[in-house]
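Novice:
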Amino acid sequence: MKRLTNILVRSLTLVVLGGMLTGCHTMVGPDDGRSKGRRDVSADREVNTPEELVHYLNFGVRAEAKTPEAKSLAELVESQTAGRLIAKGQVLKPSLADVLLELSVNQTVFDQSGEFILLDGEVDGTIKRLYDGQLLAHDRLTARGKRELGMDKAVASLGEVLVPKIDNWVDNAIKPGRIPMAASIINVKRARTIDFTPGSRLNAEYAEKFVNHVSALPGVMKCELVGEVPDERLLKFRVIYLKDFFPAGLLNKILATKNDLQLKK
């Protein structure tokens, strides 16, 4: 009988210990490392990742004749000035211009002998930013062509002298540091939890929120959504701004400013 009692006591002890071990396992389970990892991954999915790319300013060139006689010269000046800008790597998008080069062109006959004509030319040039119309540069340029047979050749001769003068002036006016404007593309990679159907309501709402926030920053002249890349979950924003307001960079300023855009580099 005593032996049977000892056996029962040992059995009950094992049962109690087993229950305690099971209870401990149940308490530890929810706080193990794997569960924490799952929560961190989920949190990461809520983050929108931004990237800043240096972009270019869009230029426009417009030449107008002061008199009907100067129409051919104005057309020549506009086309050749635009061609020289393109050849130097500038981007010409007249309908989307950030900076406009305006040339008011005139010509007069300095001397004429029979059909031989010698022309003088004058260009009143201005460079301004279109955001607010502020004048960035201005000059008045003059030139004299060669005596040529016929008006067409006289105009061409005058253009050969006048256009390089315009080109040199524009080069100096828009060289780095002279125009206090800059352009950037901000790519925002949307969170994986967001439905990235092109044109979706969530993307439209986020884009509007981003544009409103960035546009309100001092020194920003323009912010707009310029594209979507569904395969990469990207929203592309183009921002025109004054460089002096962003010594640490545009994106750093956006990240440092309180917002609810859920951005994280």
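When we follow the numbering used here, the leftmost residue of the sequence shown carries the number 1, and every step to the right adds one. C-beta: ideal position from N, C-alpha, C; glycine also.
Helix, strand or coil for Ile185, going by three-state DSSP, please let me know.
Specialist: strand
Novice: What separation, rounded to the nearest whole angstrom, lies between the Cα atoms of Leu261 and Glu228?
Specialist: 17 angstroms
Novice: How is the beta strand (DSSP E) around Ser113 delimited, first residue to last?
Specialist: Annotation: the continuous beta strand (DSSP E) that includes Ser113 extends over 99-113.
Novice: Taking DSSP as the reference, what is the three-state secondary structure of Ala63?
Specialist: strand
Novice: Find out if the Cβ-Cβ distance for the pair Phe210, Val188 is shorter than 8 angstroms.
Specialist: yes
Novice: Measuring CA to CA, which of Lys175, Arg129, Leu162 is closest to Thr81?
Specialist: Leu162
Novice: Nearest CA to the CA of Pro180: which residue from Asp152, Asp244, Arg190?
Specialist: Cα-wise, what sits closest to Pro180 is Asp244.
Novice: Relative to the C-alpha of Leu136, which residue among Gly145, Glu102, Glu148 is closest?
Specialist: Glu102
Novice: List the DSSP bridge partners of Arg238.
Specialist: Answer by DSSP bridge pairing, in chain order: Ile185, Glu224.
Novice: Quick test of your reading: Gly125 and Leu141, contact by CB under 8 angstroms. State the CB separation rounded to the nearest angstrom.
Specialist: So it is a contact: roughly 6 angstroms between Cβ atoms.
Novice: Going by DSSP in three states, Leu202 sits in which element: helix, strand or coil?
Specialist: helix
Novice: Tell me whether the beta-carbon of Arg190 lies closer than 8 angstroms to the beta-carbon of Arg233.
Specialist: yes
Novice: Go ahead and pull the three-state DSSP assignment for Pro247.
Specialist: Here Pro247 carries a coil assignment [DSSP, helix/strand/coil].
Novice: Let me know if Gln134 comes out buried or exposed under the rule of 16 or more other beta-carbons within 10 Å of its beta-carbon.
Specialist: Counting C-beta atoms within 10 angstroms of its own C-beta, Gln134 has fewer than 16 neighbours from the protein chains shown and is therefore classed as exposed.
Novice: What residues are listed by DSSP as bridge partners for Lys128?
Specialist: Leu100, Leu135
Novice: From the DSSP output, in three-state form, read off Gln116 for me.
Specialist: Rather than Gln, the amino acid found at residue 116 in this sequence is Phe. The answer is strand: DSSP assigns Phe116 an E or B state.
Novice: Spatial neighbours of Leu250 within its chain, please: C-beta separation below 7 angstroms, excluding the five flanking residues on both sides.
Specialist: Glu52, Ser184, Val239, Tyr241
Novice: How long is the line joining the alpha carbons of Val155 and Lys222, rounded to whole angstroms?
Specialist: 40 angstroms
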